[in-house]
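Let me begin by presenting the structure, written as structure tokens, before commenting on it.
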Amino acid sequence: MDAVRLDGLDPPAENGNVSQPEPPKRLSQVDTVVLPFLGGFGRYQRRLVALTWIPAFLISFIQFSDHFLLGQPDRKCVRPDQGSAGNGTGSDRDLFLDLIANGSDATDNSYVTACMCSEWRFELQSGLQQNVVTKWTLVCDGEWKVHIAKFSLLVGSIFGYLLMGAMADWLGRIPVLLVSVLSVLVFGLAVAFSVDMAMFSTLRFFEGFCLAAIRLSLYVLRIELCLPKWRFSMTMIASLIIVGGQLLMPGLAALCRDWQILQIAIIAPFVLMLPYVWMFPESLRWLLATQHYQRAKRQMYRIAQSNSVDTATDPSGILSELETELQQKPKTSCVTQLTGTRNLWKNTVVLCVNSLTGYGIHHCFARSVLEGSESHLNYYAVAAIAFASCIVVCPVVGGFGRRGGLLTFMIITALASLLQLGLLNLIGKYSLRHDAVLRDTLNRRFSYAFSIIGMFSSHAVSTLSIFYCAEITPTVIRGGGVGLVLASAGFGMLTAPLMELHNQKGFFLHHVILTCCTLLCIICIPLLPETAGQPLPETIAEGEGLLRRPILPGEQHHLLARTEVREYSRVQDTPLHQVVNPGNGSVPSNSTANGVRTS
């Protein structure tokens, strides 16, 4: 189902006649006029898209490094703390009785007894001989520092997405990318030489901040380089590369053996991105949308030359129109302008909630599968599920579109979560009461099955939500819009270290709340427009005019008539809607606030 653009809703003229829309500017029609004139998705664009794939490996190494740098080892006490256990009140039995008398339970007693040790022997399952936990003995009373370290990387990423996304709309994609590459080299290498856990966590915050800016810049650049039919496939290839990096990480850890060498090994290759200052130009789409016409002119000739396009003839009149616009002053926008829109902010909020829910509930499913294990088998199982999800997403989105695919995977996620929460309790309560072993076996197997299905579908939801936002958000604020959705994903991922920090207390309620969020998302996803095969919106007015078509045929009879659109949308109250976007032409007479009336 195609999206509908309702731009150019001009207020009536004072004499009662409706003003005629201005002819569309060819420079604003990047997907339909400018890029086809420059060779379409030619050799130049393909080379640059390939350059955005290479750092995906490095990004995935840092994203999944927590499993190795901060993985909990198997531990054995080789020297009990006699001063705490034997010189005071006596034996462990005496300590147990004292704890019961003071209101402590047996779980607390076993934890305290197990931690009465002055020397540990650690054994890591991640392939390293030493990591951060074993170096500074972060067990028992010091275990909370591990969760804070995981927390700091994610919080840094959230701030990076929000701040650097806005900077990418103001300064451009390439300046943000290059500054972030330099910064991640500095902070990432400094992490390897941390002298204590406080320094490690602080540097990881800034490392996450810079990594978020790199990921965001590359994601937006890749989207803006592609024509409509190539956008999704190029993005999914990058997602598969990230999963590939996840699969290669255990081998890299086994080769490095030490956490400091591993940290240097995953950061040092970012040096290869420094030549991007000469190899990677600024986004042409962003230059045209923000009226940087002087720079856009030089880049257009460069693209035409690389794609072997003859610019001597200009049948579409693009170059001549560009010459007339060279004196225009650049105009940049900020993502905060979303608050002045009616449809854009709604679409962005829906996708933010989808992203947060997808990443958050993914942890709930993963916990049921992993059960706290750090083994390679479980690690590869999670990566294999992500790989399968990326593969299956492609035909589903090709058949149902962006909106239909997102809705399908969200429904599967909700069903898996509801069945895991409800069906297992019903099995235990109303059946197999007299066979506890069989009941527990069935519960465990059903839990595994629903968790795998949920991890599969929630990964697809997260991937599609980010991509969907990149297509809906206009070019002038695409960095900030995608940053909002990625930051929401970061909040969803924060649930994992937060639950671990509280020793999984309240996990069931946490899972129930996220399940309710999936149901809310199912209701809201049909409100989104379909963007498959559609040009990317360039201005806020174009993005605001991108509305949905009805999913159900019966819904069309309840749509507002064309004469009611203005009052329904309150376009006369918002200055943004009174600005005519000359790149969209006139509106069909059968258009409505929600799409197009077909009957």
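294 is the number of the first residue of the sequence shown in my numbering; add one for each residue after it.
Note that the Cβ used here is the ideal one computed from N, Cα and C, for glycine as well.
Values in this document were obtained by computation on a predicted structure and should not be read as measured data.
Can you give the Cα-Cα distance for residue i and residue j, rounded to whole angstroms?
i, j, result
"G544", "L791", "29 Å"
"V646", "M529", "21 Å"
"F512", "T427", "The amino acid at residue 512 is misidentified as Phe; the sequence shows Tyr. Using only the alpha carbons, I get a separation of about 36 Å."
"Y652", "G633", "29 Å"
"V327", "R737", "57 Å"
"A679", "D434", "34 Å"
"F573", "I467", "8 Å"
"L577", "T430", "52 Å"
"S526", "M748", "22 Å"
"L894", "M460", "This structure cannot settle anything about residue 894, because the visible part of the chain is limited to 294 through 892."
"G893", "I684", "The question about residue 893 has no answer, for the chain in this structure spans 294 to 892."
"S744", "V536", "19 Å"
"R660", "S473", "33 Å"
"F493", "T617", "55 Å"
"G610", "A597", "15 Å"
"A349", "M566", "12 Å"
"I806", "R524", "34 Å"
"I441", "S321", "47 Å"
"L637", "K438", "40 Å"
"R588", "S613", "15 Å"
"V477", "L344", "18 Å"
"C370", "F486", "28 Å"
"A483", "T606", "54 Å"
"L392", "I705", "With a pLDDT of 41 at L392, under the threshold of 50, the modelled position of that residue is not reliable, and the figure given next carries that caveat. About 47 Å."
If the criterion is Cβ atoms closer than 8 Å, does the pair residue i and residue j meet it?
i, j, result
"G501", "G776", "no"
"C519", "V342", "yes"
"G351", "N424", "Gly is not the amino acid found at residue 351; the sequence shown has Leu there. Going by C-beta atoms, L351 is not nearer than 8 Å to N424."
"D462", "T641", "no"
"Y569", "L670", "no"
"R515", "A531", "yes"
"A546", "L555", "yes"
"G783", "S450", "yes"
"R497", "L455", "no"
"M593", "L421", "no"
"L839", "P830", "yes"
"T768", "E575", "no"
"I759", "L735", "no"
"V432", "R368", "yes"
"R635", "E837", "yes"
"C503", "G538", "no"
"G826", "P329", "no"
"F658", "S751", "yes"
"I560", "G481", "yes"
"H656", "T788", "yes"
Tell me which same chain residues have a C-beta within less than 6 Å of the C-beta of residue i, skipping the five on either side of it?
i, result
"A753", "S682, V686, F702"
"A763", "I516, V775"
"T766", "G774"
Looking only at its chain, what residues have a beta carbon closer than 8 Å to the beta carbon of residue i, apart from the 5 residues adjacent to it on each side?
i, result
"T325", "P828"
"T808", "I654, A707, S710, L711, L714"
"V662", "N671, A674, V675, Y741, S744, I745, M748"
"H894", "Not covered by the structure: residue 894. The range shown for the chain is 294 to 892."
"I818", "V643, N647, R696, L699, L700, M703"
"S510", "M457, A461, R466, I467, V469, L470, S473, G772"
"F357", "G538, Q539, M542"
"L812", "A707"
So, at 7 Å on beta carbons, what are the nonlocal neighbours of residue i in its own chain, with the 5 sequence-adjacent residues on each side left out?
i, result
"C898", "The shown model of the chain, from 294 to 892, leaves out residue 898, and the question about it has no answer."
"R336", "S599, N600"
"Y586", "L615, E618, L619, Q621"
"C810", "V646, T650"
"T583", "P623, K624, T625, V769"
"K443", "D359, L363, P790"
"E793", "H440"
* **Stretch-stretch touch, CB-based, cutoff 8 Å, three pairs: the region 690-701 with the region 543-560** => Contact fails: fewer than three Cβ-Cβ distances are below 8 Å.
* **Ordered list of alpha helix (DSSP H) runs contained in the region 431-481, each at least 4 residues** => Segments of the alpha helix (DSSP H) lying fully in the region 431-481: 437-464.
* Unbroken stretches of the alpha helix (DSSP H), 4 residues or longer, contained in the region 603-685 -> The alpha helix (DSSP H) runs lying completely inside the region 603-685 and spanning 4 residues or more are 611-617, 637-663, given in chain order.
* **Entirely enclosed alpha helix (DSSP H) segments - the region 793-822, minimum 4 residues** => 800-817
* Contiguous alpha helix (DSSP H) assignments of at least 4 residues, all confined to the region 520-562 -> 521-549, 552-560
* alpha helix (DSSP H) runs wholly inside the region 317-376, at least 4 long, in chain order -> Entirely contained in the region 317-376, the alpha helix (DSSP H) runs reaching 4 residues are, in chain order, 336-356, 359-362.
* At 4 residues or longer, and completely inside the region 563-601: list those alpha helix (DSSP H) runs for me, N to C. => 569-572, 577-582, 586-599
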